[in-house]
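Remarks on the structure that follows.
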Amino acid sequence: MLRQLAGVHGPLLLHQSGGCCDGSAPMCYPVGMFRVGGADVLLGTLDVEGAAPVPVYMSAAQYEYWKFTHLTIDLVDGRGSGFSAEAPEGKRFLTRSRMLTDDELTAFGLV
0 MLRQLAGVHG PLLLHQSGGC CDGSAPMCYP VGMFRVGGAD VLLGTLDVEG AAPVPVYMSA
60 AQYEYWKFTH LTIDLVDGRG SGFSAEAPEG KRFLTRSRML TDDELTAFGL V
C-alpha cells in the first residue's frame, strides 16, 4: 500500500495519532502535508521497495507512554480517517502493540 500511495502522492510519512479523529491509528501523509516538529520523535523508517523510505513519527508526550511497547503497523480492510492517504482505497493502517520483553528493554537501554 505504501508503494502504491507513494506512486500517487510522492514521498510519505506516517505519524502515530495521539487519539484525535481516528483513535490512535497511524496517519499517512505526503511529505510536506503534515508538519513534524520538535515535539515529535522519529521512531524509525520503513523501507519501501521502489519508493522513498517512510519515516514514522509520534509526539514526544505520547512516546513517554508507549516507549515500553513494541508497535507493529498493519494494513487492514475498512475505512479509517479521511485525513490519511489510504482512506480512499478502502484500507486503513492500524497499530498493534505488545509490551517489550525484559531482553528487549535491556537491548534498547530502557532499564
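Going left to right, the sequence shown walks through residues 0 to 110 as numbering that gives the first Met the number 0 numbers them.
Note that beta-carbon positions come from the ideal geometry of N, C-alpha and C, so glycine has one too.
*Around the Cβ of Glu85, are there at least 16 other Cβ atoms within 10 angstroms (buried) or fewer (exposed)?*
With 16 or more Cβ atoms within 10 Å of its Cβ, Glu85 is classed as buried.
*Can you give the Cα-Cα distance for Thr68 and Ala50, rounded to whole angstroms?*
Rounded to whole angstroms, the separation of the alpha carbons of Ala50 and Thr68 is 28 Å.
*Assign Pro10 to one of three DSSP states: helix, strand, or coil.*
coil
*Met32 classed as buried or exposed, judged by whether at least 16 other C-beta atoms fall within 10 angstroms*: exposed
_One question on the structure: do Val75 and Arg91 come within less than 9 Å of each other, judged by their Cβ atoms?_
yes
*CB of Tyr28 within 9 Å of CB of Leu42, strictly*: It is not a contact, given that the beta carbons lie outside the stated cut-off.
*Would you mind working out which of Ala5, Leu4, Val35 sits nearest His14, comparing C-alpha positions?*
Val35
*asked:* Under DSSP, the alpha helix (DSSP H) around Asp101 begins and ends at which residues?
replied: 101 to 106
_So, at 8 Å on beta carbons, what are the nonlocal neighbours of Gly77 in its own chain, with the 5 sequence-adjacent residues on each side left out?_
The beta carbon of Gly77 is closer than 8 Å to those of Gly89, Lys90, Arg91 in its chain, skipping five residues each way along the sequence.
*Using 10 angstroms around the beta-carbon of Pro87, count the other beta-carbons present and answer buried if the total reaches 16, otherwise exposed.*
By the neighbour-count rule (16 or more Cβ atoms within 10 Å), Pro87 is not buried but exposed.
*Counting along the chain, where does the beta strand (DSSP E) carrying Gly37 start and finish?*
Run containing Gly37: none; DSSP gives neither H nor E here.
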